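The sequence shown begins at -10 in the working numbering and counts up by one. Inspection log for the structure reproduced underneath, given as structure tokens.
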Amino acid sequence: MQKLASTDMIWMGGGSSPSRQNFTMVDWSRIPHLEWALQFNQDMRQMLECTFEQNHGYWTYLDELVGFLRSKNVGGVQEKIADANHLDKFYSAVSELEFARVLASKGKKVTLLTDDFFENRTSPDMLVTDSSREAYVEVKRLTEGRASHMIVDFLRSYLNHPGRRYRVDITLNEELSIPVTKREEREAREKIAQSVIERFPSIFGAADLTSLPSSFEIEGIRFEVHPTKLQRGYPGITQTPVFEVPTEKWAEKLAEDVSEKAKKRQAWTGEHLRKYYFVAVDCEQKYLDEDYVDLSLIGSTVTQWGNMPLPTMNLGTDIQHAIKRGWKTFLEKKCIVPSGTTYLDPAKKGVLLTDPVTRNVSAVIARFAKGTVYLLPNPFAFDEINDVGIQAYLEQ
-10 MQKLASTDMI WMGGGSSPSR QNFTMVDWSR IPHLEWALQF NQDMRQMLEC TFEQNHGYWT
50 YLDELVGFLR SKNVGGVQEK IADANHLDKF YSAVSELEFA RVLASKGKKV TLLTDDFFEN
110 RTSPDMLVTD SSREAYVEVK RLTEGRASHM IVDFLRSYLN HPGRRYRVDI TLNEELSIPV
170 TKREEREARE KIAQSVIERF PSIFGAADLT SLPSSFEIEG IRFEVHPTKL QRGYPGITQT
230 PVFEVPTEKW AEKLAEDVSE KAKKRQAWTG EHLRKYYFVA VDCEQKYLDE DYVDLSLIGS
290 TVTQWGNMPL PTMNLGTDIQ HAIKRGWKTF LEKKCIVPSG TTYLDPAKKG VLLTDPVTRN
350 VSAVIARFAK GTVYLLPNPF AFDEINDVGI QAYLEQ
């Protein structure tokens, strides 16, 4: 079990949440790199001003992040920010910038790609090159599920009206915050979200908005209404209370996200298939670490105590092929091939061993809230994007 706090969903910088100082206007002369990044997205600049105008730490963090990328000649930063037409997409862009920082700090040449880079196909988030390989990187935030996105998407449409010039912040209840992967659980949460969507207009219309901020609840979800200087309203910060989240829930969500991103490569053709493909997961939740990644993607291990012999293991053709490609030491380290008295539980294998679509992924890179980064190579990737040397990819 682990605790999920409100800052896990709104603070993207890793470590502790930013400090707050009381000032009413953003001094752009003090954050020139961020001003440069927002040059082609004035709508987002204004939205950030209205949402985080008193959060000096967040501005400083963003400015330092962009400044580092500029110092490393990372390409496409302005274009990436220009693609962000709402706050959720901006948060996702920040996750991409963070992974660009990780890769650039390891000596890689990084170019952030726009949504239409592939024109008629879904594009990856960045192209990364070094002396030995070219790789596409797709970034995923390990965050809330479809039900909360339904509410945010509805608010984005509903508030986009001259007569509704408000920012509405959302505090989710525990039920909508815990990640789910099973169909019946997902449907139950989406039913709650749909009820919220249907009831919101009448409750919002009846609310006393003469003195702001003002708040109300629907289905246990708290909505806080703030004034905004923009010509239209928009959904602002999404957060959660502090509560316990079962570890296995995050492991299931991570597995689902990796499989989802692996499917993207299936639509590519030609030279794009010859580039390595990394799925980079931004684990904003505190207390997640390498063990959760291994549990999700490789599986759970069993240790045999005493003098009892290990059960007979059928390694299978995929593992045997990986051994031939030079992965034996890695497979033993992760107990995919039994090592000593420890072996992989056949009933609890991770997604890299159970979902064929993950063969599209060369490796998974996880970034944790505590500031560390972990690369887990996929020894079962397709041969053209499979290289035992990937284990040292983040070593400089």
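Quick reminder that beta carbons are idealized off the backbone N, C-alpha and C, glycines included. This one's a predicted model, so the numbers in the text were calculated from it and none came from an experiment.
Among the residues of its own chain, which have a CB less than 8 Å from the CB of A82, if the five just before and after it don't count?
So the qualifying residues of the chain are K69, I70, D72 and A73.
Let me check one thing: in DSSP terms, what residues is T388 bridge-paired to?
There is no way to answer for residue 388, as the model of the chain reaches only from -10 to 385.
Can you tell me whether DSSP reads F12 as helix, strand or coil?
Since pLDDT at F12 reaches only 37, below the 50 mark, its modelled position is unreliable, and the value read off the structure follows with that caveat. Of the three classes helix, strand and coil, the one that applies to F12 here is coil, per DSSP.
In three-state terms, what does DSSP make of F369?
The answer is coil: DSSP assigns F369 none of H, G, I, E or B.
For the region 264 to 277 against the region 219 to 228, do three or more pairs of beta-carbon atoms, one drawn from each stretch, fall closer than 8 Å, so that the two count as touching?
Verdict: no, contact absent.
Which full runs of the beta strand (DSSP E) of 3+ residues lie inside the region 114 to 149, going along the chain?
As far as the region 114 to 149 is concerned, its whole beta strand (DSSP E) runs of at least 3 residues are 115 to 118 and 123 to 130.
Tell me which same chain residues have a C-beta within less than 6 Å of the C-beta of E384, skipping the five on either side of it?
Closer than 6 Å at Cβ, skipping near neighbours: no residue.
Express the C-alpha separation of R145 and R153 in angstroms, rounding to a whole number.
Their Cα atoms are separated by approximately 11 Å.
Would you list the residues sitting across from T217 in a DSSP beta bridge?
Paired residues: none, contrary to the question.
Do T347 and V340 count as a contact pair if the criterion is CB distance below 9 Å?
Closer than 9 Å, so yes.
Buried or exposed: where does M33 fall if 16 or more other Cβ atoms within 10 Å of its Cβ makes it buried?
Label assigned to M33: buried.
Near E279, which residues of its chain fall below 6 Å by C-beta distance, leaving aside the five closest residues on each side in sequence?
Once the five neighbours on either side are set aside, the close Cβ partners of E279 are Y363.
Quick check on the DSSP output: the beta strand (DSSP E) that includes Y332 runs from which residue to which?
Residues T331 to K338.
Looking at the unbroken alpha helix (DSSP H) that takes in T318, where does it start and where does it end?
K317 to K322 is the extent of the alpha helix (DSSP H) around T318.
Tell me the DSSP bridge mates of I207?
I210, per the DSSP bridge assignment.
Which residues in the same chain as V126 place their Cβ atom closer than 7 Å to its Cβ, once the five residues preceding and following it in sequence are excluded?
Counting only Cβ-Cβ distances below 7 Å, and skipping sequence neighbours, we find F88, P113, D114, M115, V117, F267 and A269.
Residues in its own chain within less than 7 Å of K242 by CB, not counting five upstream and five downstream?
For K242, where only same-chain residues beyond five positions count, the Cβ hits under 7 Å are L131, P168 and T170.
Per DSSP, what kind of secondary structure is G64 in: helix, strand or coil?
G64 falls in the strand class under three-state DSSP.
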